[in-house]
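Written out below as structure tokens is the structure these notes cover.
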Amino acid sequence: MTDSAPRRVRVRAPELIGKGGWLNTGDQQYTLADLRGRIVVLDFWTFCCINCLHVVDELRELEEKHRDTLVVIGVHSPKFVHEAEHQAVVDAVERYGVAHPVLDDPELATWKQYAVRAWPTLVVIDPEGYVVAQHAGEGHVHAIERLVTELEAEHAAKGTLRRGDGPYVPPEPEPTTLRFPGKALLLPSGNFLVSDTTRHQLVELAEDAETVVRRLGSGARAFADGGPQEASFNEPQGLALLDDGSVVVADTVNHALRRLDLATGEVTTLAGTGKQWWQGSATSGPAREVDLSSPWDVAVFGGKVWIAMAGVHQLWTYDPAARTVAVAAGTTNEGLVDGPGAEAWFAQPSGLAATAGRLWLADSETSALRWVDTEGHVRTAVGTGLFDFGHRDGAAGQALLQHPLGVTALPDGSVAVADTYNHALRRYDPATGEVTTLATDLREPSDAVLVGEDIVVVESARHRLTRLRLPEEAVRVQSVAHRTRRAATEVAPGRLRLEVVFQAPAGQKLDTRYGPSTRLLVSSTPPELLLEGGGADTDLSRELELNPAVTEGVLHISAMAASCDDDPANEYPACHVHQQDWGVPLRLTAGGADRLPLVLAGMDAGTDEQEAAAQTP
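According to this note's numbering, the sequence shown is numbered sequentially starting from -6.
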């Protein structure tokens, strides 16, 4: 469904409810009535989601430009069990530099009232308390900025706009040596190099893993090359040693690879432009001319630097000799599919470790441990998909992890997994196919490095490195299995009309200069769920046929639409890509819905759900 000139639909905004309360407000609790007169943008997010983190960064400039009229509120809506813990949300808000109020909604109460279906979703509420727009996915801030400007003028004229300081109160900084460190590297000297992610620096620690030798980077959230005090990073993560003795750094929010000269402390840029990769961007070429997307970790394998490109669910490579980058595996679709690299699906690959014959990877959103062989074939050791997770040892086929971020090769051919949301260090042995637990009570471990007979773990949420002796016997823990907290959507078996709602932002139109400007890709897990309607096409609505013999499954939907400024006088109009991937859990029941609307941008005013959402609880 497309409409280049929609009328503005308004529905009354439901109240903001969250059992966890408010963060970044100086302990003040808020209602929508307290925000009347301000333009409010609700950002439904969860801290595991890379697309949500992209939106947090996209919103920074908008918040600054309209700080006296606009209030952004993050509504934290957990996917994983760990994300429902209040302290974990407190940590994440600081970790990612969220500079606006956050409502902790562990039971998804506000998510349900607003009929949200995807992380991230942005909802715009006008100064009179009405919802006027909804956007799923990233890349919408340009449209929201235009709408905010219109609302400012409209409500200033009506006398319903209230200017002034917003409710944001920054937390007091904590005086720890590290602050939410991400990854660590053992240097040839025996010292450790740590990505001090939240402080936008690299820190070299002595062999005791505590004493600071030097800090590298200005500490400002910026992108600049130069000496150890002049260079700047933006939430750096992965580190790997290159053959020339320098270190390659995954500079995550700068969408770049950086090079650190250990001798001089000089930082230069190896790959990336500083801009985020979007569909249609180049997927190979000179490294400094190709956009990247949230590189999270790096490892040297087969003579190249492999990159866990979390932002687009792919693995890329950087060739140090040719100074080029290229996609190595992954389609950009989010999920767990094995096979040749070009056909494999990943979900936020976040940790890498190379051995002679395998590149191991922690695939965080599928809670999986996977590997790539020397032929580029992708296989899964542990994990089943996007919605199953937990802490269960035993045979790999039934073992469970919860959002792992790191993996470390061990001397006996097994691997240690930083099982982040289980606060544990796990071990997978390819020889036996068994998963065991090495250590528990580690607070959000995100990486580990081997040092002799010890393993040094990055305890990210305890802001430190922790040294453990590798035990001969695994620790025994009680098995527990979970599925994602989001409820399944009940639909009728048989025909289901899928409609992706997209309304081009005001002043824009669909970009058809080079052919169709929209794309819709549909698949399912299990594949047998979808009898008809799978595959790719350009229409944003489609008739699906669901198999009555399959009672539960997940519909995977990827939608894209391109719009450009609608001004005939402008020879070079600004164009924007709107994109979102949904994984919609379905339950087939008689009497279920025969229509599934998903809002990419705009308002779906005709659904019963939207009417229900208009009722304040």
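Built from N, CA and C at the ideal position, the CB exists for glycine as well.
Less than 8 angstroms between the C-beta atoms of residue i and residue j, yes or no?
i      : j      : result
Ala303 : Val371 : no
Thr482 : Leu591 : no
Val318 : Val283 : yes
Arg155 : Arg60  : no
His456 : Pro71  : no
Ala92  : Tyr161 : yes
Thr266 : Asp218 : no
Ala361 : Gly383 : no
Val125 : Arg281 : no
Ala409 : Ala388 : no
His396 : Phe37  : no
Pro164 : Glu87  : yes
Arg385 : Ala392 : yes
Gln501 : Asp559 : yes
Leu379 : Val547 : yes
Val570 : Ser534 : no
Leu524 : Glu536 : no
For the beta strand (DSSP E) holding residue i, just list the boundary residues, first then last.
i      : result
Val305 : Careful: Val305 lies outside any beta strand (DSSP E) and carries neither H nor E.
Cys42  : That residue, Cys42, is in no beta strand (DSSP E); it is neither H nor E in DSSP.
Arg488 : 487 to 496
Thr103 : Premise fails: Thr103 lies in the alpha helix (DSSP H), 102 to 106, not in any beta strand (DSSP E).
Gln127 : 123 to 129
His370 : 370 to 375
Asp440 : 438 to 444
His69  : 63 to 69
Arg208 : 205 to 209
Glu483 : 482 to 484
Phe185 : 185 to 189
Leu195 : 194 to 198
Ser556 : 545 to 558
Asp422 : 417 to 422
Gly278 : 277 to 279
Out of the options, which one is the CA nearest neighbour of residue i?
i      : options                        : result
Gln194 : Cys42, Gly19, Asp244           : Asp244
Asn184 : Arg3, Pro423, Glu197           : Glu197
Ala6   : Arg29, Gly296, Gly13           : Arg29
Val449 : Cys45, Leu179, Leu101, Gly378  : Leu179
Pro221 : Leu253, Ala233, Ile300         : Leu253
Pro541 : Leu232, Ala485, Ala149, Thr169 : Ala485
Leu115 : Val33, Val515, Thr191          : Val33
Lys268 : Asp290, Gly90, Phe216          : Phe216
Gly526 : Gly265, Glu147, Arg490         : Arg490
Gly132 : Asp27, Ala335, Val48           : Val48
Gly231 : Gly159, His306, Pro342, Asp366 : Pro342
Gly273 : Arg588, Lys58, Ala554          : Ala554
Ala81  : Asp366, Asp98, Arg316          : Asp98
Ala136 : Ala497, Ala552, Ala441         : Ala497
Gly614 : Gly487, Leu46, Ile550          : Absent from the structure is residue 614, since the part of the chain shown begins at -6 and ends at 610.
Ala149 : Ser453, Glu121, Thr169         : Glu121
Asn44  : Trp271, Ser516, Pro561         : Trp271
Gly334 : Asp27, Ala340, Val320          : Val320
Gly670 : Val205, Ser439, Asp405         : The chain is shown from -6 up to 610; residue 670 falls before or after that span and cannot be answered.
Ala212 : Pro229, Ala77, Arg192          : In the sequence on display, residue 212 carries Gly and not Ala. For the residues Pro229, Ala77, Arg192, the minimum Cα distance to Gly212 belongs to Arg192.
Trp15  : Ile66, Thr39, Arg436, Thr257   : Ile66
Leu581 : Leu589, Thr511, Glu545         : Glu545
Here's the rule I'm using: 16 or more other beta-carbon atoms within 10 Å means buried, otherwise exposed. How should residue i be labelled?
i      : result
Cys557 : buried
Asp412 : buried
Gln21  : exposed
Pro610 : At Pro610 the pLDDT is 36, less than 50, meaning the model places this residue with poor confidence and gives no usable figure here.
Arg207 : exposed
Gln471 : exposed
Glu452 : buried
Glu51  : buried
Pro288 : buried
Lys58  : exposed
Met596 : buried
Asp189 : buried
Val205 : exposed
Glu401 : Correcting the residue identity first, residue 401 is Thr in this sequence and not Glu. That one is buried.
Val515 : buried
Gln603 : Its pLDDT being 42, under 50, Gln603 is placed unreliably by the model, and the measurement read from it follows with that caveat. Per the 10 Å Cβ criterion, buried.
How is the alpha helix (DSSP H) around residue i delimited, first residue to last?
i      : result
Ala146 : 134 to 151
Asp381 : Here Asp381 belongs to no alpha helix (DSSP H); instead the beta strand (DSSP E) covers 381 to 384.
Gln80  : 79 to 88
Validate contact between the stretch 573 to 587 and the stretch 96 to 113 using beta carbons, cut 8 angstroms, 3 pairs | yes
Are three or more beta carbon pairs between the stretch 354 to 371 and the stretch 320 to 336 nearer than 8 angstroms?
-> yes
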